[in-house]
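Asker: Residue numbers (the numbering used here): 14 to 363.
Positions of the beta carbon are idealized from the N, C-alpha and C atoms, including for glycine.
Written out as structure tokens, the structure reads:
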């Protein structure tokens with residue numbers, strides 16, 4: 014098993030012994046082997062969605078725990094193929110992306126229509142596919158930031174996908190259009206029996222003020238999550254909260270002082286707990302982003318993120334660049350280290 018205490022370093026006691034403040038764990042719908050039966054089966058999701066969602070929870074090293082570890086590889090569009098794959102060009106081949114997810118013990122692989130379509134007949138029955146349908150295309154000059162659709166839901170169904178994914182840039186000028194597009198896509202996906210995953214990201218240069226990036230504040234990301242579950246995302250992917258007070262600092266929108274002095278503290282577990290709470294108190298699973306690869310510190314950072322997510326009541330991690338922008342054996346080790354957090358019964362919900 015992973016040396017959790019060694020990797021957490023000076024934060025080990027703070028992160029492993031903290032008791033959540035504000036929202037008690039007893040009020041949450043927590044992950045577990047019966048999550049689909051206990052929580053999702055009571056919704057309006059069609060039976061085929063329940064079946065595909067259960068297949069997600071039954072795959073990989075975390076099978077039967079209610080937690081998920083997902084490998085996302087769509088950065089060839091979101092950044093550029095060169096910036097994503099120059100560190101390890103073998104992942105330009107879609108086969109190697111899926112093999113990393115399989116050998117890494119992941120519950121699913123999330124990637125583009127092209128990547129998963131290129132290998133669907135070989136792998137769609139071996140690991141759940143999540144087709145990411147919209148992307149931020151950065152070849153336009155000058156660059157602009159917008160999520161646009163790259164395919165249709167029916168194509169995802171035809172290649173055997175278990176789920177579809179999409180991103181909304183909440184706070185951007187295009188967010189209203191993206192919200193309408195993704196809502197329609199998710200409705201159609203549910204009709205065809207696929208579960209839905211929403212990347213609930215904030216995108217607006219004005220969300221940075223006085224050197225603080227409030228696009229990762231608990232209050233703003235929490236509201237983005239709440240909008241995501243409103244259009245019936247089955248899983249929400251969000252960057253882990255790093256601060257709070259976006260609403261009062263930016264002086265817009267509406268909030269409540271209790272979000273800052275009663276329902277949360279400045280502890281990372283409490284901040285992430287607020288993200289979970291905004292996902293209908295855990296009825297929709299929150300997975301946090303693994304973040305960019307920074308090199309030698311990736312393993313410790315991934316383990317820290319997983320500990321915070323699990324102890325906050327989250328459902329898992331989606332770990333991409335930290336795993337595929339390095340030698341394959343190291344990538345597998347990192348994925349296993351993240352999964353070990355969710356397998357370790359001593360790491361409890363705070």
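Go to residue 248, then tell me how far its beta strand (DSSP E) extends in each direction, as first and last residue.
Answerer: Indexing the chain shown from 1 puts residue 248 at position 235. 248-251 is the span of the beta strand (DSSP E), which, as asked, contains residue 248.
Asker: CB residue 209 to CB residue 247, shorter than 7 Å?
Answerer: Your numbering for residue 209 matches position 196 in the chain shown. Your numbering for residue 247 matches position 234 in the chain shown. Contact flag set, yes.
Asker: Can you check whether the CB of residue 207 is closer than 7 Å to the CB of residue 164?
Answerer: Along the chain shown, one-based indexing puts residue 164 at 151. Along the chain shown, one-based indexing puts residue 207 at 194. In this structure, residue 207 does not lie closer than 7 Å to residue 164 by Cβ.
Asker: Just confirm the distance between the C-beta atoms of residue 126 and residue 146, as a whole number of angstroms; I'd bet it's less than 8 Å.
Answerer: Residue mapping note: residue 126 aligns to position 113 of the chain shown, counting from 1. Residue mapping note: residue 146 aligns to position 133 of the chain shown, counting from 1. At roughly 7 Å, the Cβ-Cβ gap stays under 8 Å, so residue 126 and residue 146 are in contact.
Asker: Starting from residue 145, trace the alpha helix (DSSP H) in both directions and tell me its first and last residue.
Answerer: Position 132 of the chain shown, counted from the start, is the residue given in the question as residue 145. Run containing residue 145: none in the alpha helix (DSSP H); it sits in the beta strand (DSSP E), 142-145.
Asker: Is DSSP giving residue 360 helix, strand or coil here?
Answerer: In the chain shown, counting from the first residue as 1, residue 360 sits at position 347. Residue 360 falls in the coil class under three-state DSSP.
Asker: With the cut-off set at 7 Å, would you say residue 235 and residue 322 are in Cβ contact?
Answerer: By 1-based counting over the chain shown, the position of residue 235 is 222. By 1-based counting over the chain shown, the position of residue 322 is 309. Cβ distance not < 7 Å, so residue 235 and residue 322 don't count as in contact.
Asker: In the DSSP assignment, what residue or residues form a beta bridge with residue 124?
Answerer: Taking the chain shown and counting its residues from 1, the one referred to as residue 124 is at position 111. DSSP output for residue 124 lists 86 and 144 as bridge partner(s).
Asker: Can you tell me the Cα-Cα spacing of residue 328 and residue 43, whole angstroms?
Answerer: Residue 328 sits at position 315 when you count from the first residue of the chain shown. Residue 43 sits at position 30 when you count from the first residue of the chain shown. Distance between the alpha carbons of residue 328 and residue 43: 8 Å.
Asker: Within 10 angstroms of its Cβ, does residue 305 collect 16 or more other Cβ (buried), or is it exposed?
Answerer: Your numbering for residue 305 matches position 292 in the chain shown. Exposed: under 16 other Cβ atoms inside 10 Å.
Asker: Among all the DSSP beta bridges, which residues are the ones paired with residue 226?
Answerer: Mapped onto the chain shown, residue 226 falls at position 213. The partner list for residue 226 (beta bridge, DSSP) reads 221.
Asker: Please report the distance separating the alpha-carbon of residue 141 from that of residue 223.
Answerer: In the chain shown, residue 141 corresponds to position 128, counting from 1. In the chain shown, residue 223 corresponds to position 210, counting from 1. Computed Cα separation, rounded: 43 Å.
Asker: To which residues of the same chain is residue 104 closer than 6 Å at the C-beta, ignoring the five residues directly before and after it?
Answerer: Position 91 of the chain shown, counting from 1, holds the residue named residue 104. Hits under 6 Å: 98, 110 and 337.
Asker: Considering only C-alpha positions, which residue in the set 204, 196, 324 and 220 is nearest to residue 256?
Answerer: For the purposes of this step, residue 256 is taken as residue 243 along the chain shown, with counting starting at 1. Ranking the options by Cα distance to residue 256, first place goes to 220.
Asker: Could you check whether the stretch 262-269 touches the stretch 68-80, counting it as contact only if at least three pairs of C-beta atoms, one from each stretch, sit closer than 8 Å?
Answerer: In short, these stretches do not touch, since the Cβ pair count stays below three.
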